[in-house]
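Q: Protein chains in written order, with full-length UniProt numbering: chain B, 1 to 118; chain Z, 1 to 208.
Here's a structure for you.
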Ligand SMILES: Nc1nc2c(ncn2[C@@H]2O[C@H](COP(=O)(O)OP(=O)(O)O)[C@@H](O)[C@H]2O)c(=O)[nH]1
Ligand SMILES: [Mg+2]
């Protein structure tokens, strides 16, 4: 059924995220995650949708923003879902989390990468 | 409520397995200034869209009860991405409307961002002030890039710098948002500026 009551957007964000209102770790829109391990049977529907997107893993990573776009979920919700899935070991990040302001080292890498394009 | 009934659309574009780092730049500016065009010109995937419902208190001047009404607005953000350095690094570009009323959204967006490219149109320079104010409030460094539309008046950059009340060091350049190369140059200008801003501090506090 596709009545308005079934519109996922009408389900309040805190319901979707199992009551969490903020990510338990520093998960940003550009944080990259890959599928790790763990059964998905016990996961809540939205968390299961995230895991299903990865199709069991081995296909590469996605950033939080990519997941939000693919599942049509608000990015704030996906940040919380992803942090919970990292806590439970379902997702892992191949990218070290860089806290705070970006360092000079990252800026220089991005600059080098962009210069290679032109 | 079985999630299996929700269609999840086509499979997403996965990142290259070699990716070990990610970074983000915000592309901000008033409505119609060319943000989506800019993001699309640089991105290797068709820009994707995210929607964030935000609740805002709306107090109308004709609201005699004086109680703020809560309304929910959906703010759309386009983003694109590009792999760099032989796929080791992925750069995300987020195009965002710069209204102050979307402040809650901006916090999540600018957190961890390298910086912002603020697009401006000489026909609506005032449209930029709100964006510049927000970025300054959030201490996000930015460059300003005039997206040159054919029917827009051209002014010397020095005049524009004054009109926009930019700091002397803030980069101000022009681009054609439809041209990928032009957009990449705009990004290079921003990141060059960011590295120079960073340099003095890094001499005092060497990173291990
Ligand atoms: N002539 C010209 N048109 C542009 C340029 N950039 C964007 N446009 C057009 O301006 C309109 C608004 O651009 P868009 O990227 O959607 O603006 P946004 O609202 O900031 O995302 C679109 O019709 C674009 O095709 C440009 O550099 N030159
Ligand atoms: Mg747009």
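Using N, Cα and C, we set each Cβ at its ideal position, and we do this for glycine too.
According to DSSP, simplified to helix, strand and coil, what is residue 195 of chain Z?
A: For the purposes of this step, residue 195 of chain Z is taken as the residue at position 195 of the second chain. Residue 195 of chain Z falls in the helix class under three-state DSSP.
Q: By the 10 Å Cβ neighbour count, where 16 or more other Cβ atoms means buried, how is residue 81 of chain Z classified, buried or exposed?
A: Counting from 1 along the second chain, the entry for residue 81 of chain Z is found at position 81. With 16 or more other Cβ atoms within 10 Å, it is buried.
Q: Looking at the structure shown, is residue 119 of chain B part of a helix, part of a strand, or coil, going by DSSP?
A: In the structure as shown, chain B begins at 1 and stops at 118. Residue 119 of chain B is therefore absent and cannot be evaluated.
Q: Using C-beta distances below 8 Å, list every residue in its chain close to residue 26 of chain B, excluding the 5 sequence neighbours before and after it, in chain order.
A: Within the first chain, residue 26 of chain B is the residue found at index 26, counting from 1. These residues qualify, in order along the chain: 97 and 99.
Q: Does the contact criterion of 3 or more C-beta pairs under 8 Å hold for the segment 81-95 of chain Z versus the segment 7-24 of chain Z?
A: Flag = yes, the segment 81-95 of chain Z and the segment 7-24 of chain Z touch.
Q: The beta strand (DSSP E) that contains residue 123 of chain Z, what's its start and end?
A: On the second chain, residue 123 of chain Z is found 123 positions in, with the first residue counted as 1. Element bounds for residue 123 of chain Z: n/a, residue is neither H nor E.
Q: Name the chain B residues whose beta carbon is nearer than 7 Å to that of residue 198 of chain Z?
A: On the second chain, position 198 is the one that residue 198 of chain Z refers to. Neighbours of residue 198 of chain Z on chain B, chain order: 104 and 107.
Q: Taking a contact to mean a Cβ-Cβ separation below 8 Å, would you say residue 95 of chain B touches residue 78 of chain B in this structure?
A: Numbered from 1 along the first chain, position 95 holds the residue referred to as residue 95 of chain B. Numbered from 1 along the first chain, position 78 holds the residue referred to as residue 78 of chain B. Against a cut-off of 8 Å, the Cβ pair of residue 78 of chain B and residue 95 of chain B comes out as no contact.
Q: How many whole angstroms separate the CB atoms of residue 77 of chain Z and residue 98 of chain Z, which I take to be in contact at a CB cut-off of 8 Å?
A: Translated into positions along the second chain, residue 77 of chain Z becomes position 77. Translated into positions along the second chain, residue 98 of chain Z becomes position 98. Going by Cβ atoms, the distance from residue 77 of chain Z to residue 98 of chain Z rounds to 12 Å, so no, they are not a contact pair.
Q: I need the DSSP call for residue 185 of chain Z, collapsed to helix, strand or coil.
A: Here residue 185 of chain Z corresponds to residue number 185 of the second chain, with the count starting at 1. The answer is helix: DSSP assigns residue 185 of chain Z an H, G or I state.
Q: Within 8 Å of any Cβ in chain Z, is that where the Cβ of residue 35 of chain B sits?
A: Here residue 35 of chain B refers to the residue found at position 35 of the first chain. Not closer than 8 Å to any Cβ of chain Z, the Cβ of residue 35 of chain B fails to qualify, so no.
Q: Looking at the C-beta of residue 114 of chain Z, does it have a partner C-beta in chain C at a distance below 8 Å?
A: Judged by its chain identifiers, the structure shown contains no chain C, and its protein chains are B and Z.
Q: Can you name the residues of chain Z whose CB is closer than 9 Å to the CB of residue 84 of chain B?
A: As a working mapping, residue 84 of chain B is identified with position 84 in the first chain. Here the premise fails: no neighbours, minimum Cβ distance about 16 Å.
Q: Would a check of beta-carbon distances place residue 134 of chain Z closer than 8 Å to chain B?
A: Within the second chain, numbered from 1, the residue matching residue 134 of chain Z stands at position 134. No, because no Cβ of chain B sits closer than 8 Å to the Cβ of residue 134 of chain Z.
Q: Using the Cα positions of residue 93 of chain B and residue 85 of chain B, report the straight-line distance between them to the nearest angstrom.
A: Taking the first chain and counting its residues from 1, the one referred to as residue 93 of chain B is at position 93. Taking the first chain and counting its residues from 1, the one referred to as residue 85 of chain B is at position 85. Distance between the alpha carbons of residue 93 of chain B and residue 85 of chain B is about 11 Å.
Q: To be precise: take each residue of the segment 17-48 of chain Z, compare its Cβ to all Cβ atoms of chain B, and keep it if any distance is under 7 Å. Which residues remain?
A: Hits within the stretch, in order: 17, 19, 20, 21, 22, 23, 24 and 48.
Q: With DSSP as the reference, identify every bridge partner of residue 32 of chain B, one or two as the case may be.
A: Within the first chain, residue 32 of chain B is the residue found at index 32, counting from 1. Answer by DSSP bridge pairing, in chain order: B/63.
Q: Assign residue 172 of chain B to one of two classes, buried (16 or more other C-beta atoms within 10 Å of its C-beta) or exposed (fewer than that).
A: Nothing can be reported for residue 172 of chain B: it is not among the residues displayed for chain B, which extend from 1 to 118.
Q: Show which residues of chain B have a CB atom less than 7 Å away from the CB atom of residue 101 of chain Z.
A: Counted from its first residue, the second chain places residue 101 of chain Z at position 101. Those do not exist, as residue 101 of chain Z stays about 16 Å from chain B at its closest Cβ, beyond 7 Å.
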